[in-house]
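Down below is the structure, laid out as structure tokens.
Next up, the structure:
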């Protein structure tokens, strides 16, 4: 609540043209937006662009943001929607060739994991995350990385709680399958 | 207990509160089934790794955002100059047209017509009057 009040004060200053106030918002929420966008798109140049776009869209909509939702949730919603759009765009241009490359990547991870036993588990989980179906990835990012509860996740993604739960269950199975023989 | 049901309950236990019955069945199943216990450990490990995973944009991210916003702001200002001029011209034009309409209306109400003499304000001047008027102007004082 206190944080929300502080955010609203900072936003009021930003609305009046205080660029430093907006910069504070960007710095504060950059890690959260990065978790969502890079979690969804991987560490790619597009992720950086989408991350920037999240804050630019928010800047344009400053006058319309009334603070009904927490700023973090609002930015997460923009971030997840832009990431899903970016994935759709990518999907349209993905050829069979790149799909095969992705599958090859799966094998690479297994081999890498076997040959480099000391490889950081966190990095492997990140790579495994990139291979998840985007529908599952979004629930994993929101629930397991960002720590939203299932109700908040369902609100952000605009899907029923039951769907969130079933996707989480399937995502865990998939992740485990991807990571089998690598970290466990 | 059905194998699938055991695993379903295990996955669900991470994300929702189980009912007392579900909790009882899961605990019982965990005691009896070493594979289920292994599954629980593995999922817990994956979730812990995800929880601690943090992603970062390349350094200078906030500066890049602010730079883009500044660029966009400049574009908006540049785009605004002609639109401001146009809006100013429109205001002046509307005021001018309104003044002309009021003037014509008052001429029509006072003179009863809008012919050239009425508009010029010389409709009630005869030549004699004009001469007297000019003489008065020159020598009146």
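Residue numbers (the numbering used here), protein chains in the order written: chain A, 1 to 184; chain B, 1001 to 1141. In this text, a Cβ means the ideal position worked out from N, Cα and C, and glycines have one as well.
Under 8 Å between C-beta atoms of residue i and residue j
| i | j | result |
| --- | --- | --- |
| residue 134/A | residue 84/A | yes |
| residue 144/A | residue 1051/B | yes |
| residue 165/A | residue 1012/B | yes |
| residue 146/A | residue 36/A | yes |
| residue 34/A | residue 51/A | yes |
| residue 126/A | residue 1029/B | no |
| residue 1055/B | residue 72/A | no |
| residue 75/A | residue 32/A | yes |
| residue 56/A | residue 1097/B | no |
| residue 23/A | residue 62/A | no |
| residue 1018/B | residue 1036/B | no |
| residue 124/A | residue 179/A | yes |
| residue 67/A | residue 155/A | no |
| residue 1069/B | residue 59/A | yes |
For residue i, the nearest candidate out of the options (CA to CA)
| i | options | result |
| --- | --- | --- |
| residue 1027/B | 1093/B, 1044/B, 1007/B | 1007/B |
| residue 1004/B | 29/A, 170/A, 64/A | 170/A |
| residue 1103/B | 1088/B, 1071/B, 1119/B, 1057/B | 1119/B |
| residue 1043/B | 1015/B, 1121/B, 1058/B | 1015/B |
| residue 49/A | 1116/B, 1107/B, 1060/B | 1060/B |
| residue 80/A | 122/A, 130/A, 125/A, 139/A | 139/A |
| residue 30/A | 47/A, 18/A, 14/A | 47/A |
| residue 177/A | 1135/B, 1089/B, 1046/B, 1037/B | 1046/B |
| residue 25/A | 150/A, 65/A, 7/A | 7/A |
| residue 89/A | 41/A, 67/A, 124/A | 41/A |
| residue 173/A | 1109/B, 1032/B, 1040/B, 1072/B | 1040/B |
| residue 27/A | 17/A, 16/A, 54/A | 54/A |
| residue 87/A | 128/A, 64/A, 44/A | 44/A |
| residue 129/A | 1049/B, 1091/B, 1038/B | 1049/B |
Inset, instruction - May I ask you to list, following chain order, the residues of the region 1042-1057 of chain B that have a beta carbon less than 8 Å from some beta carbon of chain A? - result: 1042, 1043, 1045, 1046, 1047, 1049, 1050, 1051, 1052, 1053, 1054, 1055, 1056, 1057
Inset, instruction - With a floor of 4 residues, list each alpha helix (DSSP H) that falls wholly inside the region 41-77 of chain A, ordered by position along the chain. - result: 45-60
Inset, instruction - Could you please tell me which residues of the region 1010-1039 of chain B, in chain order, have their CB closer than 7 Å to any CB of chain A? - result: 1011, 1012, 1015, 1016
Legend entry - Residues of the region 53-64 of chain A with Cβ closer than 7 Å to any Cβ of chain B, in chain order: 55, 56, 59
Inset, instruction - List in chain order: all unbroken alpha helix (DSSP H) runs of 4+ residues lying wholly within the region 1037-1064 of chain B. - result: none
Inset, instruction - Jot down the residue ranges of each uninterrupted beta strand (DSSP E) in the region 141-177 of chain A, minimum 3 residues, whole runs only, in chain order. - result: none
Inset, instruction - Could you list the residues in the region 1060-1071 of chain B with a C-beta less than 7 Å from some C-beta on chain C, going in chain order? - result: Going by chain labels, chain C is absent from the structure shown, which instead holds the protein chains A and B.
Legend entry - Short-range partners of chain B found in the region 10-24 of chain A, where Cβ spacing is below 8 Å: 19, 22, 23
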